[in-house]
Amino acid sequence: MQSEHLHVVANEPIGPYRLLRLGRSGLRPGTPGQFFMLEAPGRVLPRPFSLCVAPTRELGFLVDPIGPGTHAIAGLEPGDAIRVTGPLGKGFDLAVSSPLLVGGGIGIAPFPYLSERLGRPPALLGFRTAHHAEAAALVPNAEVVLDPTLVTDALPAEPGDVLACGPEPMLDAIEERVAGAQLAREAPMACGYGACYGCVVERDGGYARLCVEGPVVRGGTAGSPTSHLLCAPTSREATAAAGQSPAPTMVARASEEGQAPSPLSSVEDGTS
Ligand code: FES
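Residue numbers (the numbering used here): 735 to 1006.
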């Protein structure tokens, strides 16, 4: 596990998000779907983020500034320094013959780097609004659907090898439809390397630490049993389906309550 202070190269707006580009220094980009812990200025707990883009000598993270931690990270300026640890966890299995990337909202964060590594496969992305959908410009060959259309409505009958990231209801719906889909799950994370047990999820009748055995898993994972402690979904969120991204709202709530954000949403709250 490597940890370094990295310097901000650029901080660019894209829709409601910020693309924070850091000088890579000695950190490796790792496998798409792995995550990094970013220490938000003035905050106690670091935030987990999937790597979004990996140009030469840079690491780029997509930030949704919805809570104090992600606002602090999104407010960094060129020349500022931030401590970054990673890459951590298990990413996507890239040995796939017919990949289809399926994502919702800020869950598209790992797809630009994933798409580059897989040779620009097709992608199916869902967003709440056209403003959020501006982030789809980061993902080559993407078909975009907007609320109330769901990404699961647009899934082809034979979707191939699905690699997905997004809100839990979307991932659950994909898991039901596509056997063997790779799902980038999220859970509250405080340490990122297996020490705090804050990221435990139900898996195959037992429990697993998502930061060690995930965040990318294949089926059999029910999500974090502590999610209900972080958020009390509204009736709409509880019924929202694929691609609608109720997760950012939940993460925002969690963050404002001082809870650890979850990893891929961090990408949602800095998924936080
Ligand atoms: Fe601490 Fe997973 S985040 S054990």
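Glycine included, C-beta positions come from ideal geometry on N, C-alpha and C.
Counting C-beta atoms within 10 angstroms of its own C-beta, V885 has 16 or more neighbours from the protein chains shown and is therefore classed as buried. For C899, the CB stays at least 6 Å from every heavy atom of ligand 1.
The C-beta distance from V879 to A857 rounds to 11 Å, too long to fall under 8 Å, and the pair is not in contact. Comparing C-alpha distances from L754 to each of P882, P890, A806 and G760 shows the shortest one belongs to A806. A buried status is given to T765, since no fewer than 16 other beta-carbon atoms sit within 10 Å of its beta-carbon. DSSP places E773 outside both helix and strand once states are collapsed to three, so it counts as coil. Contact between the segment 772–789 and the segment 840–860 is established, with three or more Cβ pairs separated by less than 8 Å. Shown here, Y927 sits in coil according to DSSP, grouped into three states, outside any helix or strand. Leaving aside the five residues that flank A918 on each side, the residues in its chain whose CB is nearer than 6 Å to its CB run, in chain order, G767, C899, P949, V950 and L998. With contacts defined as CB atoms closer than 7 Å, A876 and G749 fail to qualify as a contacting pair.
Taking 6 Å as the cut-off, one finds at least one heavy atom of ligand 1 near enough to the beta carbon of M923. For the 7 Å CB-CB criterion, L772 and I842 do not form a contact.
Of S737, T790, E792 and R752, the smallest CA-CA separation from F770 is found for S737. Closer than 6 Å to some heavy atom of ligand 1: that describes the Cβ of G926.
Counting only the Cα atoms, C930 lies some 12 Å from A942.
Nearest Cα to L828 within the set R851, A921, P903 and H739: R851. Spanning the alpha carbons of V935 and P890 requires a straight line of approximately 29 Å. Leaving aside the five residues that flank L835 on each side, the residues in its chain whose CB is nearer than 6 Å to its CB run, in chain order, F845, A857 and L897.
Per DSSP, E936 lies in no alpha helix (DSSP H) segment; the continuous beta strand (DSSP E) that holds it begins and ends at V934 to R937. Taking the Cα of V743 as reference, the smallest distance to any Cα among G813, L761 and M735 is reached at G813. Of the residues assessed, T790 falls on the exposed side of the cut-off, its CB having fewer than 16 other CB atoms within 10 angstroms.
Excluding its 5 nearest sequence neighbours in each direction, S759 has C-beta neighbours in its own chain below 6 Å: E738 and L740, listed in chain order.
The three-state secondary structure of I800, taken from DSSP, is coil. For T819, the enclosing beta strand (DSSP E) begins and ends at A815 to L822.
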